[in-house]
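Enquirer: Residue numbers (full-length UniProt numbering): 1 to 200. For glycine and all other residues, C-beta sits at the position ideal for the given N, C-alpha and C.
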């Protein structure tokens with residue numbers, strides 16, 4: 001599910017004005033992320049309602065970088081969810097992309113962001129990156145990828161409402177959804193928007 005400002009920085013290098021943005025990015029903190037609220041979360045796909053019928057809409061937000069929209073994010077959580085223990089709860093996160101990214105970009109950036117919460121074993125990082133590239137497609141504007149976190153079991157993925165597969169490793173799932181929900185995220189304003197209506 002791809003991810004955060006680094007992906008956009010990679011894309012920005014391909015235009016004449018992008019180099020300046022990349023250099024500026026090194027001097028800026030996460031506060032330069034321009035965040036605007038997206039539309040309220042929908043009820044979710046039929047598959048999501050079937051797999052996790054108790055999930056309820058939580059928060060939503062849009063990630064932009066120097067005026068370039070990356071995606072809208074929407075979060076669903078189970079009753080009793082507490083964001084300080086997010087990895088212990090069933091939850092779903094959907095990204096609706098505003099621009100194109102390759103599966104390789106999504107997978108590589110996901111692993112980079114997962115490392116923000118702590119080191120990954122080399123074998124895990126390589127295996128998880130390969131699994132993400134296998135499951136997730138290249139995306140275009142308007143495409144949707146939804147991940148369902150199942151504590152102790154792993155993660156299921158939907159692409160444009162259709163099942164794409166799963167990574168049945170609890171360690172992967174907790175770290176993957178931590179890209180957005182862990183306090184170490186590189187997009188704290190987006191995390192705040194996603195968790196705005198949930199208790200600590």
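Give the straight-line distance between the Cα atoms of residue 34 and residue 142, rounded to the nearest whole angstrom.
Expert: Low local confidence applies: a pLDDT of 34 at residue 34 is under 50, so the model's placement there is unreliable, with the coordinate-based value given in what follows. Taking the straight line from one Cα to the other gives about 20 Å.
Enquirer: Taking the alpha helix (DSSP H) that residue 101 belongs to, which residues open and close that run?
Expert: Element bounds for residue 101: n/a, residue is neither H nor E.
Enquirer: Anyone know if the C-beta pair for residue 135 and residue 164 falls short of 7 Å?
Expert: Yes; because the gap between Cβ atoms is below 7 Å, this pair is in contact.
Enquirer: Buried or exposed for residue 23, please, with buried defined as at least 16 other CB atoms from any protein chain shown within 10 angstroms of its CB.
Expert: Note that residue 23 scores a pLDDT of 36, beneath 50, so its modelled location is shaky and nothing firm can be said.
Enquirer: Nearest to residue 139 by CA position, among 154, 160 and 152, is which residue?
Expert: Here the closest residue by C-alpha is 160.
Enquirer: Does the distance from the CB of residue 197 to the CB of residue 58 come in under 7 Å?
Expert: Closer than 7 Å, so yes.
Enquirer: Ignore the nearest five residues each way along the sequence and tell me which others in residue 28's own chain have a CB closer than 8 Å to its CB.
Expert: Unreliable placement is indicated for residue 28, whose pLDDT of 31 sits below 50; the coordinate value is still reported in the next sentence. If we look at residue 28 and ignore the five residues flanking it on each side, it has no Cβ neighbours.
Enquirer: How should residue 178 be labelled, buried or exposed, when 16 other C-beta atoms within 10 angstroms of its C-beta is the threshold for buried?
Expert: Buried: at least 16 other Cβ atoms inside 10 Å.
Enquirer: Is it the case that the Cβ atoms of residue 63 and residue 187 are separated by a distance below 7 Å?
Expert: Yes; because the gap between Cβ atoms is below 7 Å, this pair is in contact.
Enquirer: In whole angstroms, give me the CA-to-CA distance for residue 195 and residue 126.
Expert: Each residue's alpha carbon lies about 30 Å from the other.
Enquirer: So within the UniProt domain "Chalcone isomerase" (92-195), which uninterrupted beta strand (DSSP E) runs reach at least 3 residues, ignoring any that extend past its ends?
Expert: Those beta strand (DSSP E) runs which fall completely within the UniProt domain "Chalcone isomerase" (92-195) and span 3+ residues are 144-150, 154-159 and 162-167.
Enquirer: Considering only the alpha carbon of each residue, which of 131, 176 and 200 lies closest to residue 118?
Expert: The residue with the shortest Cα to Cα distance from residue 118 is 176.
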